[in-house]
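All the letters of the sequence shown, read from the start, carry residue numbers 449 to 927 under the numbering used here.
Working notes, beginning with the structure itself.
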Amino acid sequence: MEAAKSGGMPIAEAIGDSYSKLLQNASYRYFALILGAPVNLFTLLVHRARKAGDVHTSVLRETREELLASGLQEKLHSDFKAQLHSKASFFGEKLTEAGLEAEAQKLTAERFESVAAERADRRLQEQGLARSTFIHTFRTLLHHPLFLPLSFIPGLPLYLLIWLYSSPYLKYIFERLVMTVFVIFGVAVLVFTILYISPFDPAVNILGQTATDAQIVEFNRVYGLDQPYLVQLWDNVKGIAMFDLGKSFAGNEEIVSAIGRKFPVTLELTLFSLLMAVIIAIPIGIISAARPNSWFDYTFMLIALIGLSIPSFWQGLVFILGFSIKLQWLPATFNPGNWMTFIMPVVVLGTGLTAAIARMTRASTLEVIHEDYIITATAKGLSKRKVLLKHAVRNALIPIVTVIGLQFGAMLGGAAVTEKVFNISGLGSYIVDKQFIPDIPAIMGGVVYTAITISLINALIDILYAFVDPRIRSRMKQY
């Protein structure tokens, strides 16, 4: 365990502390009980056996008898009954005597047990004794030399969860990945539902208007379109999870193989566009923030505003007209064997991202450089460059990283327009071609696998926050 390594704590104590905290977290408690069912069951049996002869049990029994002899139960019953009468009278409620008696007895039993437990615990503390609980039993078993080795195999999932929970960073990453799974499942359900209720009929669109009723029925039977909504949804979700979506309605090609050929092209186009945007935009944003209201600042922010305003399809057509047809510098259509065909699509797709990152970098850096610690660093005699790069930019990275993550997802999802303009056979154009049929498994696969990539990128961005901002690391350790 991390705690055992860092503080010299014995491994049994580290596991016990982490497990105790784990059970207090409602989100993890049920996972711990299910994953460690064999170990938890054995611990429970030992706990029950010890509890039978536990000092707390005898003290609690004696306390109950004393409270009964003192007449506390009758007093509580009388008080609760009077309170219920007053409440019913105030609100104008009509209660039967049997119902009033049952409610009073319930409240009396709860309060009596609570008072008895409190007094019994107080007596144990005065005598220097501790109450035997489930977690206390687990801790004592951990100190037995044979318990941990013998329970390691059946309790391996539980111990892995405890190890995960004991590390703030691993816990943070694990929770982000779990959230990603739920997001992906939600996207799959939403996309399938929209396609299911769409007015398009795949059988008619593929077979044509001249298709007979028998042909349409057979088409729907072959591809499972005659099944109920939940059956089709389960088949598609299972296919996505198992990387087996079958064959597309149109073309009769393996969907996973088709996506495997086309997705790398879209991902490569997006990554190069992102790299171009980061290399250009961040220096421009920093310089603009360092020289606010200068001609450089006005010029580049104007260019960034234009870059945000230009539609990508129009920019692509202008590039083709200028650089391909008129100047003949670059090829107009994409060719995987020619790297020059990537230049115009990368620039077109990355223009909006470059502008967004540049504006965010400028705004975030300007906000930071007016903070007190920046003024203090300058007063200490540090150079303007060192203050800017080491103190200002580093603390301004959180919103910049956020914009990069969000815009990357938008680029990956919106690459279809650029791919269509430059005739790139990527995943975006593949989804566009399939949606008018609609080819449900093909669209589901393309959209969901894109959503998986975007979700993983966003999870990575969230994880990067902890390494960029020490304040987040501190909150993670407290969390």
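Where a beta carbon is used, it is the ideal one built from N, C-alpha and C, also for glycine.
These figures come from a predicted structure and were not determined experimentally.
Given a threshold of 16 other Cβ atoms within 10 Å of its Cβ, counted over all protein chains shown, does residue i qualify as buried or as exposed?
i, result
"Phe528", "buried"
"Lys774", "exposed"
"Gly519", "exposed"
"Phe790", "buried"
"Gln472", "exposed"
"Ala557", "exposed"
"Ser506", "exposed"
"Arg669", "exposed"
"Ile645", "exposed"
"Lys710", "buried"
"Thr747", "exposed"
"His495", "buried"
"Val766", "exposed"
Can you name the start and end residues of the alpha helix (DSSP H) that residue i belongs to?
i, result
"Asn473", "No alpha helix (DSSP H) contains Asn473, which DSSP labels as neither H nor E."
"His584", "Phe582 to Leu590"
"Arg739", "It is not in any alpha helix (DSSP H) - Arg739 carries neither H nor E in the DSSP assignment."
"Ala803", "Ile791 to Val816"
"Trp787", "No alpha helix (DSSP H) holds Trp787; DSSP gives it neither H nor E."
"Asp683", "Tyr677 to Ala689"
"Leu643", "Pro616 to Ile645"
"Glu867", "Ala863 to Val869"
"Lys882", "Leu875 to Gln883"
"Ser760", "Ser760 to Phe767"
"Asp661", "Asp661 to Val670"
Whole angstroms is fine: what's the gap from residue i's alpha carbon to residue j's?
i, j, result
"Met724", "Val637", "35 angstroms"
"Leu797", "Phe640", "28 angstroms"
"Val816", "Val841", "8 angstroms"
"Leu681", "Ile632", "14 angstroms"
"Gln763", "Phe870", "11 angstroms"
"Ile900", "Thr628", "8 angstroms"
"Ile911", "Leu612", "15 angstroms"
"Gln531", "Ile909", "56 angstroms"
"Arg559", "Leu515", "12 angstroms"
"Ser468", "Leu608", "15 angstroms"
"Glu450", "Leu492", "Confidence at Glu450 is low in this model, with a pLDDT of 45, below 50, so its placement is unreliable and no value can be given for it."
"Ala864", "Ala858", "11 angstroms"
"Ile728", "Arg739", "17 angstroms"
"Pro486", "Tyr478", "14 angstroms"
"Phe586", "Pro605", "16 angstroms"
"Ile751", "Gln855", "18 angstroms"
"Asp674", "Pro650", "12 angstroms"
"Met782", "Phe697", "A small fix is needed here, since residue 782 is Phe in this sequence, not Met. For Phe782 and Phe697, the distance between alpha carbons rounds to 27 angstroms."
"Glu933", "Glu551", "Here the chain covers residues 449 to 927 and nothing more, so residue 933 does not appear."
"Ala844", "Gly755", "23 angstroms"
"Glu545", "Ala536", "12 angstroms"
"Thr898", "Pro889", "14 angstroms"
"Gly656", "Gly634", "33 angstroms"
"Gly484", "Gly853", "37 angstroms"
"Leu875", "Glu867", "9 angstroms"
"Glu561", "His525", "13 angstroms"
"His591", "Tyr620", "29 angstroms"
"Ile482", "Phe582", "16 angstroms"
"Val679", "Lys695", "18 angstroms"
"Val626", "Pro616", "15 angstroms"
"Thr658", "Val795", "46 angstroms"
"Ala825", "Lys832", "9 angstroms"
"Met749", "Pro759", "18 angstroms"
"Ile768", "Pro779", "8 angstroms"
Does DSSP put residue i in a helix, in a strand, or in coil?
i, result
"Lys542", "coil"
"Lys695", "strand"
"Glu702", "strand"
"Ala452", "With a pLDDT of only 45 at Ala452, under 50, the local geometry of the prediction cannot be trusted, and the value read off the model is given with reservation. Of the three classes helix, strand and coil, the one that applies to Ala452 here is helix, per DSSP."
"Phe600", "coil"
"Trp611", "helix"
"Asp649", "coil"
"Ala530", "helix"
"Pro605", "helix"
"Gly464", "helix"
"Ala831", "Note on residue identity: the sequence assigns Ser, not Ala, to residue 831. Ser831: coil per DSSP, three-state reduction."
"Gly656", "coil"
"Ala840", "helix"
"Glu513", "helix"
"Ser518", "coil"
"Ile754", "helix"
"Pro847", "helix"
"Gly708", "helix"
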